[in-house]
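K.L.:
Dumping the structure here so I can ask a few things about it.
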Amino acid sequence: MESMEMWHQVGFLADAFDCFREHGISVDLISTSESNVTVSIDTAQNVTNRAAIEALADDLRKLCKVAIISDCAAITLVGQRIRTILHEIAPVLEVFQEQQVHLVTQAANDLNLTFVVNSEHAYRLVQHLHGLLVDKFAGGVFGETWERLSGGGAPAKTLPKPWWVKKKAQLLEIGAERDATYVYDRESIEKAIGALRALKAVDAVFYAMKANPHREILKLVHAGGLNIECVSPGELARVREVLPDLDRKRILYTPNFAPRTEYEQAFEQGVWVTLDNLFPLRHWAKTFKGKEIFVRIDTGQGRGHHEHVRTAGVHSKFGIPLFEIDELVELAKKAGARVVGLHAHTGSGVLAASAWLDTGRQLLKLLEPLPEVRYIDVGGGLGVPEKMGQPGLDMEALDAVLTEIKQGCGGRSLFLEPGRFVVAQAGVLIARVTQTKGKGDVQYVGVGTGMNSLIRPALYGAYHDIVNLTRLGKPATELVTVVGPICETGDRLGSDRLMPAAKENDVLLIANAGAYGHAMSSNYNLREPAHEVLI
Numbered sequence: 028m029e030s031m032e033m034w035h036q037v038g039f040l041a042d043a044f045d046c047f048r049e050h051g052i053s054v055d056l057i058s059t060s061e062s063n064v065t066v067s068i069d070t071a072q073n074v075t076n077r078a079a080i081e082a083l084a085d086d087l088r089k090l091c092k093v094a095i096i097s098d099c100a101a102i103t104l105v106g107q108r109i110r111t112i113l114h115e116i117a118p119v120l121e122v123f124q125e126q127q128v129h130l131v132t133q134a135a136n137d138l139n140l141t142f143v144v145n146s147e148h149a150y151r152l153v154q155h156l157h158g159l160l161v162d163k164f165a166g167g168v169f170g171e172t173w174e175r176l177s178g179g180g181a182p183a184k185t186l187p188k189p190w191w192v193k194k195k196a197q198l199l200e201i202g203a204e205r206d207a208t209y210v211y212d213r214e215s216i217e218k219a220i221g222a223l224r225a226l227k228a229v230d231a232v233f234y235a236m237k238a239n240p241h242r243e244i245l246k247l248v249h250a251g252g253l254n255i256e257c258v259s260p261g262e263l264a265r266v267r268e269v270l271p272d273l274d275r276k277r278i279l280y281t282p283n284f285a286p287r288t289e290y291e292q293a294f295e296q297g298v299w300v301t302l303d304n305l306f307p308l309r310h311w312a313k314t315f316k317g318k319e320i321f322v323r324i325d326t327g328q329g330r331g332h333h334e335h336v337r338t339a340g341v342h343s344k345f346g347i348p349l350f351e352i353d354e355l356v357e358l359a360k361k362a363g364a365r366v367v368g369l370h371a372h373t374g375s376g377v378l379a380a381s382a383w384l385d386t387g388r389q390l391l392k393l394l395e396p397l398p399e400v401r402y403i404d405v406g407g408g409l410g411v412p413e414k415m416g417q418p419g420l421d422m423e424a425l426d427a428v429l430t431e432i433k434q435g436c437g438g439r440s441l442f443l444e445p446g447r448f449v450v451a452q453a454g455v456l457i458a459r460v461t462q463t464k465g466k467g468d469v470q471y472v473g474v475g476t477g478m479n480s481l482i483r484p485a486l487y488g489a490y491h492d493i494v495n496l497t498r499l500g501k502p503a504t505e506l507v508t509v510v511g512p513i514c515e516t517g518d519r520l521g522s523d524r525l526m527p528a529a530k531e532n533d534v535l536l537i538a539n540a541g542a543y544g545h546a547m548s549s550n551y552n553l554r555e556p557a558h559e560v561l562i
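In case it helps, the working numbering puts the sequence shown at residues 28 to 562.
Structural data, given as structure tokens:
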């Protein structure tokens, strides 16, 4: 219900709710602003149908503008003193970042927080929230679910155990040699590459090597038939060193705020070059004369697991915004450059296949002003489960989405450029316990490396499963915070983790560390980051 006249008008809500009373319809949730009142209807207490709702709306239109939003579901987080834990559940609310939330309410009795979303997304959101908020009790404390006891519902799908469980003995041997080591599993990388190659709609897959530029991984990626995407001269040099015979047109170079010399050197090497900004065309037009280029488009909406990895939208430094497309066409023509590729990348760690459909549709709209385009690159960002037991990206759904985009390409080639998906789950960081410590209610387990090897928890608040590999399968009896030796309060690899009691020289394993782990490491405090091995 919307009207500017309701602002400071005494009795507006009374008049509006009189209409609900006259039609015998009860209100469940309510949210108000200066010019809008949004409510949900309590269908549990009323037999409502479309005709009854329309009749109510007709009466309300005498007071204000009315919009009816159908097919909704309410998702409620229930707890005690909900106001006091808002800061703790804030990261969990990121599950709603790709959803249209119609209404948010906090109960007056401080017991719940409710979000009204489109019903088609409700079940998936509930599953995701449950996985983030509710620890899994291995001992079956709560027994069977109601669905299983009543004979309804399909049994839960048993997910395969992580690769590192069956290779425990080998990992413990490696862990005994050094304080900390990154270990990458060859079979897991090959499996991920196979899943990407199985996408029928994609003409070429470019591995975003910034996720992990390890030389042996680059060889594996090449052997699996993937191309390479680079973002710096150093990465280009690494590719030329490791894969000297690689066709240069299987390399895509996508620099960001780079100096003129980087573009010139990339053109000299014969690789595909992506333009991220109009500044180079405005000021260095001669560099692009006679060149075929890709352009990176900012589609206007970023996605991903943290604001630092969302690479589209007005608060992101990446890409040419849609409102500059006309200028792009004009500048490219003046410079004598041909735009043959469209590229977009909205973020990292995305688990909803529909995200690529939105990106693809935006790029397809640009084929009219940019008719020479031969390649459509919908970027990467393919996510992996953050915690053990959580569902991953539905690859069949992704292929269906990409097929729909491909059908609109008019014979043009469709590219994908994942990084994390290829290597994240294939990599673990193993570190020996150095000391344990208790301070009041807080128990610390110190290990031989920290944010110098894995900065993601400190930088993004990223979650990584942590297990005591030495005592794998033993009862978890202590709630601990795992820390490293770096002189920073933020040097935490994991907080409040339920684990078996740790002893000096136990080997802890930090999972999902194959992407943006060693690649983002440093020598901070002049401590060497973890060594790397491929097994």
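We put the beta carbon where it would ideally sit given N, CA and C, even for glycine.
Apart from the five residues just before and just after Thr572, which ones in its own chain have a Cβ nearer than 7 Å to its Cβ?
P.N.:
A question about residue 572 goes unanswered here, because the residues of the chain that appear run from 28 up to 562.
K.L.:
For Tyr150, does the count of other Cβ atoms within 10 angstroms reach 16, so buried, or fall short, so exposed?
P.N.:
It is exposed - the Cβ of Tyr150 has fewer than 16 other Cβ atoms within 10 Å.
K.L.:
When DSSP labels each residue in this structure, what does Ser58 get in the three-state scheme?
P.N.:
Reduced to three states, the DSSP call for Ser58 is strand.
K.L.:
Check this for me: beta carbons of Asn479 and Pro556, under 8 Å apart or not?
P.N.:
Yes, they are a contact pair.
K.L.:
Roughly how many angstroms separate the alpha carbons of Glu291 and Val269, rounded to a whole number?
P.N.:
The alpha-carbon atoms of Glu291 and Val269 are separated by roughly 22 Å.
K.L.:
Please classify Lys466 as buried or exposed, where buried requires at least 16 neighbouring CB atoms within 10 angstroms.
P.N.:
So Lys466 ends up on the exposed side.
K.L.:
Using a Cβ-Cβ cut-off of 8 Å (strictly less than) and excluding sequence neighbours within five positions of Asp421, which residues of its own chain qualify?
P.N.:
Only Ala380 meet the Cβ criterion.
K.L.:
Enumerate in chain order the residues of its own chain whose CB-to-CB distance from Lys246 is below 7 Å, with the five nearest sequence positions on each side excluded.
P.N.:
The residues are Val269.
K.L.:
Taking the alpha carbon of Leu391 as the point to measure from, which residue in Pro240, Cys436 and Ile562 has its own alpha carbon closest?
P.N.:
If we check each option's Cα against that of Leu391, Cys436 comes out closest.
K.L.:
Over the uninterrupted beta strand (DSSP E) stretch that includes Ile190, give me the two end residues.
P.N.:
The question names Ile, but residue 190 in the sequence shown is Trp. No beta strand (DSSP E) holds Trp190; the alpha helix (DSSP H) holding it covers Trp190 to Lys193.
K.L.:
Could you please give the first and the last residue of the uninterrupted alpha helix (DSSP H) stretch that includes Trp383?
P.N.:
Counting along the chain, the alpha helix (DSSP H) containing Trp383 begins and ends at Ser381 to Leu391.
K.L.:
Please classify His155 as buried or exposed, where buried requires at least 16 other C-beta atoms within 10 Å of its C-beta.
P.N.:
So His155 ends up on the buried side.
K.L.:
Can you tell me which of the three DSSP states Thr497 falls into?
P.N.:
In this structure, Thr497 counts as helix in the three-state DSSP scheme.
K.L.:
Round the Cβ separation of Tyr211 and His241 to the nearest angstrom and send it over; I've been treating them as touching at under 8 Å.
P.N.:
Contact flag correct, Cβ pair sits at about 7 Å.
K.L.:
Can you name, in chain order, every residue of its own chain whose Cβ lies under 6 Å from the Cβ of Ala293, other than the five neighbours on each side?
P.N.:
Within the same chain, Ala293 has close Cβ partners Tyr280 and Val300.
K.L.:
In the DSSP assignment, the beta strand (DSSP E) including Arg257 goes from what residue to what residue?
P.N.:
The sequence shown places Cys at residue 257, rather than the Arg named in the question. Its beta strand (DSSP E) spans residues Asn254 to Cys257.
K.L.:
In three-state DSSP terms, what is Asn550?
P.N.:
DSSP places Asn550 in coil when its eight states are reduced to three.
K.L.:
My assumption, with CB atoms under 8 Å, is that Cys99 sits in contact with Val128. Please give the rounded CB distance.
P.N.:
Their Cβ separation, rounded to whole angstroms, is 10 Å, which puts Cys99 and Val128 out of contact at 8 Å.
K.L.:
Assuming Gly477 contacts Pro512 (C-beta within less than 8 Å), just tell me the rounded distance between them.
P.N.:
Indeed, because the Cβ distance is near 6 Å, the residues count as touching under 8 Å.
K.L.:
Which runs of the beta strand (DSSP E) spanning at least 3 residues fall entirely within the segment 510-535, listed in chain order?
P.N.:
Fully enclosed beta strand (DSSP E) runs of 3 or longer: 519-526.
K.L.:
So, helix, strand or coil for Thr172, using DSSP?
P.N.:
Reliability of the predicted coordinates at Thr172 is poor, the pLDDT of 46 falling under 50, and no value is obtained from them.
K.L.:
What are the start and end residues of the alpha helix (DSSP H) that includes Ser480?
P.N.:
Note, Ser480: premise wrong, no alpha helix (DSSP H); not H, not E.
K.L.:
What does Ile457 pair with, by DSSP beta-bridge criteria?
P.N.:
DSSP lists Thr208 and Leu536 as partners of Ile457.
K.L.:
Would you mind sorting Asp303 into buried or exposed? The rule is 16 or more other CB atoms within 10 Å of its CB.
P.N.:
Asp303 should be labelled buried.
K.L.:
Under the assumption that Lys414 contacts Tyr487 (Cβ atoms under 8 Å), give the Cβ distance between them as a whole number of angstroms.
P.N.:
At roughly 15 Å, the Cβ-Cβ gap does not stay under 8 Å, so Lys414 and Tyr487 are not in contact.
K.L.:
Beta-carbon within less than 7 Å of Gln296's beta-carbon, same chain only, minus the 5 sequence neighbours each way: which residues are those?
P.N.:
Excluding residues within five positions, the ones whose Cβ falls inside 7 Å are Leu263 and Arg275.
K.L.:
Pull up the DSSP beta-bridge partners for Asn145, would you.
P.N.:
Per DSSP, Cys99.
K.L.:
Whose CA, out of Ala424, Thr430, Gln462 and Ala542, lies closest to the CA of Leu481?
P.N.:
Nearest C-alpha to Leu481: Ala542.
K.L.:
Where DSSP assigns a beta bridge to His372, which residues make up the other side?
P.N.:
Answer by DSSP bridge pairing: none, since His372 is not bridged.
K.L.:
Tell me which residues share the same chain as Asp206 and place their Cβ nearer than 7 Å to its Cβ, disregarding the 5 neighbours each side in the sequence.
P.N.:
Taken in chain order, the residues that qualify are Ala458, Arg459, Gly475 and Thr476.
K.L.:
Out of curiosity, what's the CA-to-CA distance linking Thr386 and Asp85?
P.N.:
In a straight line, the C-alpha of Thr386 is about 39 Å away from that of Asp85.
K.L.:
What separation, rounded to the nearest whole angstrom, lies between the Cα atoms of Val54 and Phe47?
P.N.:
Approximately 8 Å between the Cα atoms of the pair.
K.L.:
Using a Cβ-Cβ cutoff of less than 6 Å, which residues in the same chain neighbour Glu531 once the five nearest sequence positions on both sides are dropped?
P.N.:
Answer for Glu531: Val460, listed in chain order.
K.L.:
In angstroms with no decimal places, state the Cα-to-Cα distance between Ala485 and Ala546.
P.N.:
Roughly 15 Å separates the two Cα atoms.
K.L.:
Relative to the C-alpha of Leu138, which residue among Val153, Leu113, Ala117 and Ala453 is closest?
P.N.:
The option with the nearest alpha carbon to Leu138 is Leu113.
K.L.:
Based on the DSSP secondary-structure assignment, which residues constitute the bridge partners of Phe315?
P.N.:
DSSP, once it has assigned bridges, lists no residue as partnering Phe315.
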